[in-house]
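S.K.:
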Amino acid sequence: MSLRVLLVDDEEHLRRIARVSLERVGGCAVQTADGGESALAVLAEHSFDVVLLDVMMPGMDGLSTLARIRERPGLASLPVIFVTAKITPPEVARYLAAGAVGVVEKPFDPMRLSAQVQALVAAAASASAGVKPHS
Amino acid sequence: MLPAPTPSNEAERLAALLELAILDTDPEGAFDEIVRYAARVLDMPIALVSLVDEHRQWFKSRTGLDASETPRDISFCGHAVAADRPLVVPDTLSDSRFSDNPLVASDPNIRFYAGYPIHDPAGRPVGTLCVIDRRPRELLEHQLELLELLARQVTAQLALRKRNIELAERTRRLRIFEQFFNSNLDVQCTVDANLCFVDLNPAFEVVVGYTADELRAQRFLAFVHPNDVQLAMQEAMRLHRELGTTVNFEVRFLRKSGGTVLLAWSAVAIDGLLFAVARDVTAYRTQSAALEASRRSLASILDTAPDAIVTLDAEERILTCNRVAERMFGLSADAVRGRPLRQFLELPSDWPEAPDRREGDPVRGPLRLDETVLRREGVAEHPVEIATSSLRVGEVRAFTCVLRDISERRRLARMQSEFVATVSHELRTPLTAIRGSLGLVAGGVMGELPSEAAEYVDLALTNCDRLVRLLNDILNLEKSAAGQLEYHFEVVDLVGQVRAVLVENAGLGEANGISFELVSDTRDGDVLVDRVRLSQVLTNLVANAVKFSPPGAVISVTISRAGHWLRTCVRDRGPGVPDAFHDRLFQRFAQADSSDSRRKGGTGLGLHIARTLTEAMRGRIGFENATDGGATFWVDMPFVAPIPSGPGDRDRELACALVCEDDADAASVLGAIFRSAGMESHIAPTLTRARELLSRFRYRLISVDLALADGDGRQLIPEIAADARHAGVPVFVVTGAERAPDAEQLGVSGVVQKPLLEVSVGRLAAAALTAVIHSPPRILHVEDDADTRKLVARCLPPRWSIRGAGSLAEARRELAAGRFDVVVLDHRLPDGDGMALRDEVGGAQIVIFSAFDLPGAVVGPVTHALVKSRDSLDALRNALLADIQSSSGERSNA
Chain A
0 MSLRVLLVDD
10 EEHLRRIARV
20 SLERVGGCAV
30 QTADGGESAL
40 AVLAEHSFDV
50 VLLDVMMPGM
60 DGLSTLARIR
70 ERPGLASLPV
80 IFVTAKITPP
90 EVARYLAAGA
100 VGVVEKPFDP
110 MRLSAQVQAL
120 VAAAASASAG
130 VKPHS
Chain B
0 MLPAPTPSNE
10 AERLAALLEL
20 AILDTDPEGA
30 FDEIVRYAAR
40 VLDMPIALVS
50 LVDEHRQWFK
60 SRTGLDASET
70 PRDISFCGHA
80 VAADRPLVVP
90 DTLSDSRFSD
100 NPLVASDPNI
110 RFYAGYPIHD
120 PAGRPVGTLC
130 VIDRRPRELL
140 EHQLELLELL
150 ARQVTAQLAL
160 RKRNIELAER
170 TRRLRIFEQF
180 FNSNLDVQCT
190 VDANLCFVDL
200 NPAFEVVVGY
210 TADELRAQRF
220 LAFVHPNDVQ
230 LAMQEAMRLH
240 RELGTTVNFE
250 VRFLRKSGGT
260 VLLAWSAVAI
270 DGLLFAVARD
280 VTAYRTQSAA
290 LEASRRSLAS
300 ILDTAPDAIV
310 TLDAEERILT
320 CNRVAERMFG
330 LSADAVRGRP
340 LRQFLELPSD
350 WPEAPDRREG
360 DPVRGPLRLD
370 ETVLRREGVA
380 EHPVEIATSS
390 LRVGEVRAFT
400 CVLRDISERR
410 RLARMQSEFV
420 ATVSHELRTP
430 LTAIRGSLGL
440 VAGGVMGELP
450 SEAAEYVDLA
460 LTNCDRLVRL
470 LNDILNLEKS
480 AAGQLEYHFE
490 VVDLVGQVRA
500 VLVENAGLGE
510 ANGISFELVS
520 DTRDGDVLVD
530 RVRLSQVLTN
540 LVANAVKFSP
550 PGAVISVTIS
560 RAGHWLRTCV
570 RDRGPGVPDA
580 FHDRLFQRFA
590 QADSSDSRRK
600 GGTGLGLHIA
610 RTLTEAMRGR
620 IGFENATDGG
630 ATFWVDMPFV
640 APIPSGPGDR
650 DRELACALVC
660 EDDADAASVL
670 GAIFRSAGME
680 SHIAPTLTRA
690 RELLSRFRYR
700 LISVDLALAD
710 GDGRQLIPEI
720 AADARHAGVP
730 VFVVTGAERA
740 PDAEQLGVSG
750 VVQKPLLEVS
760 VGRLAAAALT
770 AVIHSPPRIL
780 HVEDDADTRK
790 LVARCLPPRW
800 SIRGAGSLAE
810 ARRELAAGRF
820 DVVVLDHRLP
830 DGDGMALRDE
840 VGGAQIVIFS
850 AFDLPGAVVG
860 PVTHALVKSR
870 DSLDALRNAL
880 LADIQSSSGE
890 RSNA
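For the protein sequence lines, the chains are A and B, in the order given.
Letter by letter, the first sequence follows residues 0 to 134 of numbering that gives the first Met the number 0.
Letter by letter, the second sequence follows residues 0 to 893 of numbering that gives the first Met the number 0.
#1: Whole angstroms is fine: what's the gap from T91(B)'s alpha carbon to G114(B)'s?
#2: How do the region 292-305 of chain B and the region 263-283 of chain B stand: do at least 3 beta-carbon pairs fall below 8 Å, yes or no?
#3: So, under 8 Å CB-CB, V383(B) and R403(B) are touching, yes? Tell me the CB distance rounded to an integer number of Å.
#4: Name the chain A residues that come within less than 8 Å of V531(B), Cβ to Cβ?
#5: Which residues in the same chain as A874(B) place their Cβ atom closer than 8 Å to its Cβ, once the five residues preceding and following it in sequence are excluded?
#6: Compute the distance between the beta-carbons of G629(B) and R570(B), then report whether it is under 9 Å.
#7: Less than 9 Å between the beta carbons of D722(B) and L745(B), yes or no?
#8: Look at the alpha carbon of D9(A) and the alpha carbon of D53(A), and state the distance between them as a whole number of angstroms.
#9: So, under 8 Å CB-CB, L527(B) and F580(B) are touching, yes? Tell me the CB distance rounded to an integer number of Å.
#10: First and last residue of the beta strand (DSSP E) that includes I68(A)?
#11: Taking C-alpha atoms, which residue in A726(B), R724(B), R837(B) and T734(B) lies nearest to D704(B)?
#12: Would M59(A) count as contacting chain B if we go by Cβ distances under 9 Å?
#13: Please state if the CB of L373(B) and the CB of F398(B) are separated by a distance shorter than 9 Å.
#14: Along the chain, where does the beta strand (DSSP E) containing K59(B) start, and where does it finish?
#15: Report yes or no: is there a C-beta of chain A within less than 9 Å of the C-beta of E447(B)?
#16: If we ignore side chains and look at the alpha-carbon of each, how far apart do E44(A) and R111(A) end up?
#17: Quick check: is the beta carbon of A434(B) nearer than 9 Å to any beta carbon in chain A?
#18: Just mark G842(B) as buried or exposed, buried being the case when its beta carbon has 16 or more other beta carbons within 10 Å.
#19: Less than 9 Å between CB atoms is the rule here; does S76(A) satisfy it with respect to chain B?
#20: Would you tell me roughly how many angstroms separate the C-alpha atoms of L474(B) and R530(B), rounded to the nearest one?
#21: List the residues of chain A whose Cβ lies closer than 9 Å to the Cβ of H681(B), in chain order.
#22: Hey, out of A96(A), V91(A), A40(A) and I80(A), whose CA is closest to L119(A)'s CA?
#23: Ignore the nearest five residues each way along the sequence and tell me which others in L13(B)'s own chain have a CB closer than 8 Å to its CB.
#24: Measure from the C-beta of R93(A) to each C-beta in chain B and report whether the shortest distance is under 9 Å.
#25: State whether the region 161-173 of chain B contacts the region 38-49 of chain B, with contact taken as three or more CB pairs (one from each stretch) at a distance under 8 Å.
#26: Can you look up E718(B) in the DSSP assignment and give me helix, strand or coil?
#27: Name the chain B residues that come within less than 7 Å of D108(A), Cβ to Cβ?
#28: From M445(B), I73(B), A544(B) and L669(B), pick the residue whose C-alpha is nearest to that of S680(B); which is it?
#29: Take G677(B) as the anchor and find which of D132(B), D662(B) and R699(B) has the nearest alpha-carbon.
#30: Do we get a CB-CB distance below 9 Å when we pair V500(B) with the residues of chain A?
#31: Touch check for the region 83-98 of chain B and the region 134-142 of chain B: three-plus C-beta pairs under 8 Å?
#32: Who are the neighbours of L13(A) on chain B, taking C-beta pairs under 8 Å?
#33: Is there at least one Cβ from chain B nearer than 9 Å to V116(A)'s Cβ?
#34: Just the C-alpha distance for A235(B) and V190(B), rounded to the nearest angstrom, thanks.
#35: Which parts of the region 262-307 of chain B are runs of the alpha helix (DSSP H), unbroken and 4 residues or longer, counting only runs that do not cross its ends?
#36: List, from N- to C-terminal side, the beta strand (DSSP E) runs of 3 residues or more that fit wholly inside the region 359-437 of chain B.
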């Protein structure tokens with residue numbers, strides 16, 4: 000099953016590399032956005048299995064974007080993964096508390112990226128199935 | 000008989016008599032001659048100089064009479080004195096005033112009396128000159144006149160005598176003043192109207208070198224330093240102008256041997272003569288000038304210091320402050336003096352507890368450092384760092400505070416950390432792109448590469464990874480140096496943690512052809528650490544070992560217990576650490592061989608970071624070279640005794656104390672105290688562990704350190720109080736804070752101060768002893784020596800019930816009357832061996848305390864056999880405690 004991924008990063012080069020990695024190594028269906036605002040616009044039109052969010056972005060940063068996503072009906076449990084260089088324990092704790100399902104460290108290994116994403120999405124799915132068996 | 004009346008001026012008259020200082024003195028020729036003359040020329044057998052005292056008349060001079068005095072009420076002279084007129088009695092028998100007077104009726108059988116009053120120099124009658132005969136007589140006019148003249152002679156003699164006495168006294172006092180004058184260490188002189196010396200005391204020779212003789216008649220001003228002559232002149236003129244006024248002035252006086260001394264004069268003019276005293280104040284003025292200079296230099300040092308410096312009294316009120324402090328507070332030093340420092344600064348409640356220093360002690364150890372906020376009306380708050388040191392001067396406590404405005408430092412730190420964050424992001428973005436591109440190419444996503452190209456892309460990838468690691472290390476280092484790393488202490492299972500690290504690094508090992516083996520000699524090994532940081536340290540040591548070991552090697556990791564520590568050793572199979580590198584190994588950018596860094600891909604920061612993290616977790620790190628090659632790196636972490644295994648019995652009370660304490664040394668001291676009272680202890684360095692233990696066990700005594708590794712121990716106190724199973728259990732707070740909080744306020748049984756000294760823990764130990772035993776145990780001591788029984792009783796807690804028995808028979812009576820927990824037996828008793836009782840003691844434990852060792856095995860219910868001369872009373876007490884505990888354990892089991 001090919002994962003539908005929304006990739007949000009303000010750096011065009013990184014969007015390109017991650018897209019190639021996810022598509023060619025992981026066989027994902029990837030759409031990209033260059034910031035929080037445009038990500039929210041894309042999310043209004045299309046549905047995804049997972050969102051990869053950069054944290055430090057001009058304008059709306061990753062955490063605010065996540066908060067806005069959670070406000071949308073139907074997106075309350077959409078898996079979101081932060082892809083960031085900021086991964087100290089308190090920072091990671093903040094991402095998880097905000098509702099992210101995991102973190103991928105930058106720089107990432109393009110050969111492993113899609114596997115990491117799939118693993119985090121699968122773990123989140125089984126966790127939510129465990130917590131809410133009837134939903 | 001008519002007694003002599005009392006004159007109206009009697010008191011004054013008696014005072015005059017006393018002033019003459021003549022009563023009861025020796026005979027004097029001048030008086031005796033007058034008396035003898037009077038008797039001879041008037042042909043009288045008796046003549047007297049009689050002085051009329053309060054109750055008697057006393058004879059300064061007498062002839063023809065043996066008595067030296069007679070009572071006043073029968074005296075004839077009293078009448079003459081009272082009337083202050085001559086008294087003549089021609090025949091006493093025909094005078095009703097005297098006819099029945101005992102002096103008439105019997106010896107000296109006076110028949111004739113004639114007396115003339117004598118006076119003191121002020122004219123007050125003090126007595127008489129009188130003549131007496133034993134037959135009636137008549138005196139002719141000229142004879143009476145003669146008597147009167149002689150009486151005047153006596154009066155004149157009295158005046159002369161008084162003058163002589165006064166003169167002698169004045170001479171004596173003059174001699175004393177002369178002594179003062181001569182022995183005075185200050186110079187003293189008189190100077191005449193021409194300002195020439197008249198009299199000088201010997202001190203001049205000592206002070207200025209000239210003798211009194213050398214200076215006498217010399218001009219005073221000739222010896223005054225030329226520059227001071229004018230001043231001296233002025234003062235001298237003032238003295239003559241303002242007679243009787245004391246004038247003080249200081250002038251330099253020439254010394255005989257050259258140079259000058261500074262003399263402080265005090266002079267007064269009386270009758271045209273100057274009386275002057277002077278003291279040499281040269282040394283005093285020099286010293287006070289030096290003192291003033293030193294005070295000024297100190298003040299200028301303080302005032303030019305870049306920091307505010309404030310001293311406080313024991314009540315934290317400001318004593319002194321320098322200029323910077325004045326500017327900081329916006330008030331003058333006078334305005335802030337006496338105000339509490341807290342008026343200006345927000346200070347923590349435990350401030351200013353700081354390590355004490357004695358006056359003159361060098362500054363040892365860290366001062367207390369706080370960061371706080373300066374509050375001042377009309378000015379924005381700004382951050383201040385305050386270094387406080389406490390000082391004892393004698394018994395008085397004071398504080399010195401150095402305050403530094405750290406707004407600028409804060410701003411720089413903020414800029415620096417923003418810079419670090421920016422650099423981190425800015426560097427990582429291109430690195431992510433490079434790493435990603437290379438990864439895709441190397442991974443063959445862009446198609447197969449020619450083998451040579453693949454080799455170089457791999458090279459680029461390896462170095463890219465190294466760059467990422469270097470960047471991570473630098474950021475880490477930056478944060479730990481800035482104290483930005485937070486540590487979350489918890490009790491962690493070390494073996495599990497090491498195993499997880501080895502699993503994480505298995506891939507790294509495989510890539511280098513290296514395998515790991517884990518050996519542990521402890522089953523339960525908990526440590527007090529930050530889990531993430533510990534992982535970082537262990538990963539570092541393991542990765543290091545992999546880096547330096549040849550392919551195919553086995554890296555062994557061992558975990559062992561060493562006192563308060565759990566030690567993890569990582570043994571590599573590399574070349575070992577070169578000797579020259581030992582000292583630098585844990586320093587920044589340390590690499591044994593700079594070519595290493597290229598070959599091994601290290602950053603030179605790993606071990607430095609490992610040490611920083613380890614020490615921040617109160618651990619130790621080090622290494623040693625093995626004799627057969629390779630190096631062993633070890634890291635020690637504070638050991639925490641594991642929670643006893645097996646199901647905890649929530650309701651059964653343990654003979655055990657709970658020690659909530661994160662400092663291993665303090666915990667072991669407390670453990671020892673409780674052990675000496677016969678109580679084991681469980682140790683909890685964290686709130687979490689304490690709560691876990693409290694929920695699983697029931698303790699008899701709890702001690703709580705206020706500063707636990709993961710929070711404030713205070714939180715535990717209400718929890719314990721609310722826990723029904725620990726209701727009434729004594730809780731002691733152990734604190735290192737100098738101002739210990741009040742036990743009552745905390746709601747605990749007591750507060751014990753660190754350091755844990757014998758005295759401070761006395762109460763704790765006593766509480767422990769009482770906690771061990773709920774109902775006082777009953778002891779029967781069978782021993783025929785009463786002194787030994789007394790000694791033993793004295794070493795046992797006072798609550799215990801102790802009965803003594805001196806013989807088997809007495810012991811049997813006691814055993815019949817009641818039940819005992821322990822029976823202490825002596826072998827040799829007057830009516831047999833104490834062991835004869837061994838089957839009659841009921842359920843009691845038996846302890847032998849005897850003068851000799853019983854050969855062979857101890858039999859039956861005997862738990863301890865102690866020998867009087869060999870084992871101390873302490874040993875006996877401990878044996879009893881152990882027995883009572885085990886028997887109380889059985890009781891609660893039953």
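No residue lacks a Cβ here, since even glycine has one placed at the ideal position from N, Cα and C.
M.R.: Let me spell this out:
#1: Residue numbering aside, residue 91(B) sits at position 92 when the second sequence is read from its first letter. Residue numbering aside, residue 114(B) sits at position 115 when the second sequence is read from its first letter. Roughly 14 Å between the two C-alpha positions.
#2: no
#3: Numbered from 1 along the second sequence, position 384 holds the residue referred to as residue 383(B). Numbered from 1 along the second sequence, position 404 holds the residue referred to as residue 403(B). Going by Cβ atoms, the distance from V383(B) to R403(B) rounds to 7 Å, so yes, they are a contact pair.
#4: As a working note, residue 531(B) is residue 532 in the second sequence. The contacting residues are P88.
#5: Numbered from its first residue, the second sequence carries residue 874(B) at position 875. Cβ neighbours of A874(B) beyond the five flanking positions: L865.
#6: Taking the second sequence and counting its residues from 1, one reaches residue 629(B) at position 630. Taking the second sequence and counting its residues from 1, one reaches residue 570(B) at position 571. Yes; because the gap between Cβ atoms is below 9 Å, this pair is in contact.
#7: To locate residue 722(B), count along the second sequence from 1; it is residue 723. To locate residue 745(B), count along the second sequence from 1; it is residue 746. Cβ distance not < 9 Å, so D722(B) and L745(B) don't count as in contact.
#8: In the first sequence, residue 9(A) corresponds to position 10, counting from 1. In the first sequence, residue 53(A) corresponds to position 54, counting from 1. Using only the alpha carbons, I get a separation of about 8 Å.
#9: Taking the first residue of the second sequence as position 1, residue 527(B) is located at position 528. Taking the first residue of the second sequence as position 1, residue 580(B) is located at position 581. Going by Cβ atoms, the distance from L527(B) to F580(B) rounds to 32 Å, so no, they are not a contact pair.
#10: Your numbering for residue 68(A) matches position 69 in the first sequence. I68(A) -> not in any beta strand (DSSP E); alpha helix (DSSP H) instead, spanning G61 to E70.
#11: The count along the second sequence starts at 1 and reaches residue 704(B) at position 705. Nearest to D704(B) by C-alpha distance, out of A726(B), R724(B), R837(B) and T734(B), is T734(B).
#12: As a working note, residue 59(A) is residue 60 in the first sequence. M59(A) does not count as touching chain B.
#13: Here residue 398(B) refers to the residue found at position 399 when the second sequence is read from its first residue. Here residue 373(B) refers to the residue found at position 374 when the second sequence is read from its first residue. With respect to L373(B), F398(B) sits apart: the two C-beta atoms are not nearer than 9 Å.
#14: Locating residue 59(B) in the second sequence gives position 60, where the first residue counts as 1. Segment R55 to T62, the beta strand (DSSP E) holding K59(B).
#15: For the purposes of this step, residue 447(B) is taken as the residue at position 448 of the second sequence. So no, E447(B) is outside the interface.
#16: Numbered from 1 along the first sequence, position 45 holds the residue referred to as residue 44(A). Numbered from 1 along the first sequence, position 112 holds the residue referred to as residue 111(A). Between E44(A) and R111(A), the C-alpha separation is close to 29 Å.
#17: Here residue 434(B) corresponds to residue number 435 of the second sequence, with the count starting at 1. The sequence given here has Arg at residue 434(B), not Ala. Chain A contact via Cβ: present.
#18: As a first step, residue 842(B) must be located in the second sequence, where it is residue number 843. That one is exposed.
#19: Position 77 of the first sequence holds residue 76(A). With 9 Å as the cut-off, S76(A) does not count as an interface residue toward chain B.
#20: The sequence position of residue 474(B) within the second sequence is 475, counting from 1. The sequence position of residue 530(B) within the second sequence is 531, counting from 1. Going from the Cα of L474(B) to the Cα of R530(B) covers about 20 Å.
#21: Within the second sequence, residue 681(B) is the residue found at index 682, counting from 1. Contacts between H681(B) and chain A, judged by CB atoms closer than 9 Å, are missing: the closest CB pair is about 30 Å apart.
#22: Within the first sequence, numbered from 1, the residue matching residue 119(A) stands at position 120. The option with the nearest alpha carbon to L119(A) is I80(A).
#23: For the purposes of this step, residue 13(B) is taken as residue 14 along the second sequence, with counting starting at 1. Once the five neighbours on either side are set aside, the close Cβ partners of L13(B) are D52 and E53.
#24: Taking the first residue of the first sequence as position 1, residue 93(A) is located at position 94. For R93(A), the answer is no, since every Cβ of chain B falls outside 9 Å of its Cβ.
#25: no
#26: Taking the first residue of the second sequence as 1, we reach residue 718(B) at position 719. Residue state, collapsed to three classes: helix.
#27: For this step, residue 108(A) is matched to residue 109 along the first sequence. Those within 7 Å of D108(A) in chain B are G438.
#28: To locate residue 680(B), count along the second sequence from 1; it is residue 681. Comparing Cα positions, the closest option is L669(B).
#29: Numbered from 1 along the second sequence, position 678 holds the residue referred to as residue 677(B). The residue with the shortest Cα to Cα distance from G677(B) is R699(B).
#30: Along the second sequence, read from residue 1 onward, the residue named residue 500(B) stands at position 501. No, because no Cβ of chain A sits closer than 9 Å to the Cβ of V500(B).
#31: With a cut-off of 8 Å, the region 134-142 of chain B and the region 83-98 of chain B count as touching, because enough Cβ pairs lie within range.
#32: In the first sequence, the residue the question calls residue 13(A) occupies position 14. Going along chain B in sequence order, the residues near L13(A) (Cβ under 8 Å) are T428, T431, A432 and G435.
#33: For the purposes of this step, residue 116(A) is taken as the residue at position 117 of the first sequence. No, no contact with chain B.
#34: As a position in the second sequence, residue 235(B) is number 236, starting the count at 1. As a position in the second sequence, residue 190(B) is number 191, starting the count at 1. Straight-line Cα distance between these residues: approximately 10 Å.
#35: 281-303
#36: 367-375, 378-392 and 395-404
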